[in-house]
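*Asks:*
2 protein chains.
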Amino acid sequence: MTKRAVAVLGVGLVEPDEAVLTSDDLGLTRGDGCFEATRVVTTEDGSHLIDHLDAHLDRLQVSAQALGMPDVDRSAWRGLITQLLAGWDVAGEATLKLMLTRGRESTPTGPTTGIATLTPTSEISLRLRRTGISVIILSRGTASYAYTAAPWLLGGVKTLSYAVNVAASRIALQRGADDVIFTSSDGYILEGPTSAVVWSSSGRLHTTPTGPTGILASITQRALFDAAEAAGIPTSYTLGTVAELRASDGVWLVSSARGVVAVHTINGNQLAHTPALSDRIAALAGF
Amino acid sequence: MTKRAVAVLGVGLVEPDEAVLTSDDLGLTRGDGCFEATRVVTTEDGSHLIDHLDAHLDRLQVSAQALGMPDVDRSAWRGLITQLLAGWDVAGEATLKLMLTRGRESTPTGPTTGIATLTPTSEISLRLRRTGISVIILSRGTASYAYTAAPWLLGGVKTLSYAVNVAASRIALQRGADDVIFTSSDGYILEGPTSAVVWSSSGRLHTTPTGPTGILASITQRALFDAAEAAGIPTSYTLGTVAELRASDGVWLVSSARGVVAVHTINGNQLAHTPALSDRIAALAGF
């Protein structure tokens with residue numbers, strides 16, 4: 005089994021195979037909690053680089069607030085991450101995951117549960133970053149404006165309730181594809197199950213707007229767009245269609261752990277794909 | 005703290021406060037799993053009556069299959085439930101919960117995780133059964149036909165990814181109501197966050213059809229409709245509107261643990277409510 009490291013808020017480091025959650029933790033019973041994932045690069049001399057930790061802690065706080073949970077204790081999380089990294093000497097890329105649940109059902113006023121894990125980034129992710137991916141288009145079932153004034157739908161909240169994302173990814177594999185791009189019921193590009201969609205058209209980068217669409221605000225996409233603008237490449241938040249992706253100069257799925265992955269095929273049809281452009285996009289995003 | 009009992013498949017009884025789930029269990033990391041809940045009545049002499057256990061194991065199997073998980077081991081679950089009940093002597097109603105997760109992320113070919121818990125039914129649930137409830141109407145964001153040929157949306161699957169249901173219930177409480185009735189984006193009655201909606205109109209009981217609507221097939225509603233038909237009360241699966249609920253002779257939220265609860269108020273407006281009719285409906289449903 006691959007080496008993993010696990011730490012629990014208020015406890016510290018635990019054995020990776022140790023059980024950490026009770027049977028009535030709302031993270032289990034209801035998927036009631038939120039999480040973050042980002043990349044940690046460990047160099048040969050054992051030093052660690054964490055991607056955009058501030059932004060991830062910010063987003064964890066946004067998620068917690070939307071779920072009506074107490075404020076995220078940033079310094080406690082930072083301390084826990086320091087403990088986790090102190091013993092981590094696996095050179096290369098790993099995924100740092102922070103999970104925060106509402107805590108135990110039997111103690112409604114009790115503490116939340118916070119767990120941090122560190123796992124080497126999978127070979128598959130690293131390979132797909134090099135080879136690019138094929139995707140299928142699946143409807144998310146909601147309109148591009150469905151999340152307006154509907155906070156109970158948890159648009160933009162990175163909850164632990166990811167069963168639909170897992171099911172969509174599983175169906176993609178069954179159909180011989182690597183991943184999914186979700187569309188809205190009115191035909192607009194939304195996001196991947198664990199990534200944002202970025203496309204290039206006439207020298208401009210596009211991605212789907214957050215808010216009414218319900219998609220997650222992607223930290224990697226934001227970093228990419230900031231770097232692109234600084235490099236003179238214009239960016240837009242655009243409601244796009246599959247036809248627009250097909251007519252584009254390139255499509256990428258971007259996420260904190262897997263990085264920037266070029267989409268070479270949509271629903272079995274090959275896309276325009278310029279490796280040099282993908283390399284540039286990846287570099288701008290820090291990958 | 006209230007007495008609870010917990011048992012784990014392949015392990016047996018564990019202490020209720022013992023941690024049972026590792027940090028990489030997909031039930032936690034992705035809400036990737038399914039569950040069932042039903043009522044157990046314990047008499048003063050210590051014997052136990054479990055409501056519709058066969059039907060719940062059937063539905064657990066349907067959920068597991070939809071999630072691409074291995075077949076449910078019914079005899080193992082039955083054995084676990086027997087162990088759980090053997091030590092349970094709290095007279096009155098309890099909720100038996102069966103939770104099944106895909107297992108650990110770090111061992112993709114490893115076993116699923118199965119957990120059974122027994123908890124006394126909350127005073128709030130028992131009280132609401134007597135007093136009835138007020139509900140607010142919230143959109144579920146999906147059309148009444150959104151789940152047609154879209155198995156990745158997990159319509160009808162009782163997954164552990166219930167964060168939206170929890171959020172909707174929380175917003176109801178914030179707005180001074182007890183519960184929620186979800187409607188589709190095209191304006192039809194769907195279900196409650198943890199219950200089915202039943203209404204009576206011109207002597208006929210109605211509920212929302214499953215399938216394209218994505219709602220869960222309710223075991224309590226099914227038992228109610230079977231008993232109603234046997235008693236000469238006709239039943240229908242109907243796409244209804246809030247206006248039809250308002251014009252009805254009665255509206256109930258039904259579920260396995262809370263039973264049959266009359267809705268006396270929708271969005272602040274009182275409904276027709278005949279206690280004798282509610283009593284009859286509850287009795288037909290076995291409550």
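Protein chains in written order, with this note's numbering: chain A, 5 to 291; chain B, 5 to 291.
Each residue gets a CB set at the ideal place from its N, CA and C atoms; glycine is no exception.
Being a predicted model, the structure only gives us computed values, none of them experimental.
Opposite Arg108 (chain B) in the DSSP bridges: which residues?
*Replies:* Within the second sequence, numbered from 1, the residue matching residue 108 (chain B) stands at position 104. B:Asp29.
*Asks:* Which two residues bound the contiguous alpha helix (DSSP H) that contains Glu248 (chain A)?
*Replies:* On the first sequence, position 244 is the one that residue 248 (chain A) refers to. It spans 246 to 250 - the alpha helix (DSSP H) in which Glu248 (chain A) sits, taken as one unbroken run.
*Asks:* Would you tell me roughly how many angstroms separate the C-alpha atoms of Gly160 (chain A) and Ala221 (chain A), rounded to the nearest one?
*Replies:* As a first step, residue 160 (chain A) is located in the first sequence; it is residue number 156 there, counting from the start. As a first step, residue 221 (chain A) is located in the first sequence; it is residue number 217 there, counting from the start. Distance between the alpha carbons of Gly160 (chain A) and Ala221 (chain A) is about 6 Å.
*Asks:* Are the C-beta of Gly35 (chain A) and some C-beta of chain B separated by less than 7 Å?
*Replies:* For the purposes of this step, residue 35 (chain A) is taken as residue 31 along the first sequence, with counting starting at 1. Yes, contact with chain B.
*Asks:* Which whole-angstrom value is the C-beta distance of Val12 (chain B) and Pro20 (chain B), which I expect to be below 8 Å?
*Replies:* For the purposes of this step, residue 12 (chain B) is taken as the residue at position 8 of the second sequence. For the purposes of this step, residue 20 (chain B) is taken as the residue at position 16 of the second sequence. Contact doesn't hold; Cβ gap of about 12 Å is too wide.
*Asks:* What residues from the segment 115 to 138 of chain A come within 7 Å of chain B, judged by C-beta to C-beta, listed N to C?
*Replies:* Residues Ile119, Thr121.
*Asks:* Answer yes or no: do Ala120 (chain B) and Leu102 (chain B) have a C-beta to C-beta separation smaller than 7 Å?
*Replies:* As a first step, residue 120 (chain B) must be located in the second sequence, where it is residue number 116. As a first step, residue 102 (chain B) must be located in the second sequence, where it is residue number 98. Closer than 7 Å, so yes.
*Asks:* So for Gly263 (chain B), helix, strand or coil by DSSP?
*Replies:* In the second sequence, counting from the first residue as 1, residue 263 (chain B) sits at position 259. In this structure, Gly263 (chain B) counts as strand in the three-state DSSP scheme.
*Asks:* Check distances from the C-beta atoms of the segment 169 to 182 of chain A to those of chain B and list, in chain order, the residues that come in under 7 Å.
*Replies:* Residues passing the 7 Å Cβ filter: Val170, Ala171, Ala172, Arg174, Ile175.
*Asks:* What does Met103 (chain A) reach in chain B if we use C-beta pairs closer than 9 Å?
*Replies:* As a first step, residue 103 (chain A) is located in the first sequence; it is residue number 99 there, counting from the start. What Met103 (chain A) touches in chain B: Ser27, Leu32, Thr33.
*Asks:* Within 7 Å (strictly less), CB to CB, does Trp81 (chain A) reach chain B?
*Replies:* Counted from its first residue, the first sequence places residue 81 (chain A) at position 77. No, no contact with chain B.
*Asks:* My understanding is that Val184 (chain B) touches Leu142 (chain B), with C-beta atoms under 8 Å, so please give their C-beta distance in whole angstroms.
*Replies:* What you label residue 184 (chain B) is simply residue 180 of the second sequence in a count that begins at 1. What you label residue 142 (chain B) is simply residue 138 of the second sequence in a count that begins at 1. Contact flag correct, Cβ pair sits at about 5 Å.
*Asks:* Would you list the residues sitting across from Ile141 (chain A) in a DSSP beta bridge?
*Replies:* As a position in the first sequence, residue 141 (chain A) is number 137, starting the count at 1. In the DSSP output, where bridge partners are listed per residue, Ile141 (chain A) has A:Ile185.
*Asks:* When the Cα atoms are used, what is the spatial distance from Cys38 (chain B) to Leu249 (chain B)?
*Replies:* Locating residue 38 (chain B) in the second sequence gives position 34, where the first residue counts as 1. Locating residue 249 (chain B) in the second sequence gives position 245, where the first residue counts as 1. Going from the Cα of Cys38 (chain B) to the Cα of Leu249 (chain B) covers about 31 Å.
*Asks:* Which residue comes first and which comes last in the alpha helix (DSSP H) that contains Ser173 (chain B)?
*Replies:* Counting from 1 along the second sequence, the entry for residue 173 (chain B) is found at position 169. Here the alpha helix (DSSP H) through Ser173 (chain B) covers 167 to 178.
*Asks:* Whole angstroms are fine: how far does the CA of Gly118 (chain B) sit from the CA of Glu97 (chain A)?
*Replies:* Counting from one through the first sequence, the residue named residue 97 (chain A) turns up at place 93. Counting from one through the second sequence, the residue named residue 118 (chain B) turns up at place 114. Spanning the two alpha carbons is a distance of roughly 33 Å.
*Asks:* When you compare only the Cα positions, how much space is there between Ser27 (chain A) and Gly290 (chain A)?
*Replies:* The residue given as residue 27 (chain A) occupies position 23 in the first sequence. The residue given as residue 290 (chain A) occupies position 286 in the first sequence. For Ser27 (chain A) and Gly290 (chain A), the distance between alpha carbons rounds to 40 Å.
*Asks:* From A:Gly236, A:Glu40, A:Thr46, A:Arg131, pick the residue whose C-alpha is nearest to that of Thr224 (chain A); which is it?
*Replies:* Residue mapping note: residue 224 (chain A) aligns to position 220 of the first sequence, counting from 1. Nearest C-alpha to Thr224 (chain A): A:Glu40.
*Asks:* State the Cα-Cα distance for the pair Ser148 (chain A) and Gly215 (chain A), rounded to the nearest angstrom.
*Replies:* As a first step, residue 148 (chain A) is located in the first sequence; it is residue number 144 there, counting from the start. As a first step, residue 215 (chain A) is located in the first sequence; it is residue number 211 there, counting from the start. Rounded to the nearest angstrom, the two C-alpha atoms are 9 Å apart.
*Asks:* For the beta strand (DSSP E) that contains His52 (chain B), what are its first and last residues?
*Replies:* On the second sequence, position 48 is the one that residue 52 (chain B) refers to. Residues 52 to 54.
*Asks:* Against chain B, with Cβ distances strictly below 7 Å, would Val24 (chain A) count as a contact?
*Replies:* Your numbering for residue 24 (chain A) matches position 20 in the first sequence. Judged by the 7 Å Cβ criterion, Val24 (chain A) is in contact with chain B.
*Asks:* Taking DSSP's pairing of strands, which residues face Arg43 (chain A) in a bridge?
*Replies:* Residue 43 (chain A) sits at position 39 when you count from the first residue of the first sequence. In DSSP, Arg43 (chain A) forms a bridge with A:Thr99.
*Asks:* For the segment 236 to 243 of chain A against the segment 124 to 132 of chain A, do three or more pairs of beta-carbon atoms, one drawn from each stretch, fall closer than 8 Å, so that the two count as touching?
*Replies:* No: fewer than three Cβ pairs fall under 8 Å.
*Asks:* Give the list of continuous beta strand (DSSP E) stretches no shorter than 3 residues that lie fully inside the segment 191 to 263 of chain A.
*Replies:* DSSP runs (the beta strand (DSSP E)) wholly in the segment 191 to 263 of chain A: 200 to 205, 208 to 211, 239 to 241, 254 to 259.
*Asks:* Assign Glu233 (chain B) to one of two classes, buried (16 or more other C-beta atoms within 10 Å of its C-beta) or exposed (fewer than that).
*Replies:* Taking the second sequence and counting its residues from 1, the one referred to as residue 233 (chain B) is at position 229. Looking at its Cβ environment, which holds fewer than 16 other Cβ atoms inside 10 Å, Glu233 (chain B) is exposed.
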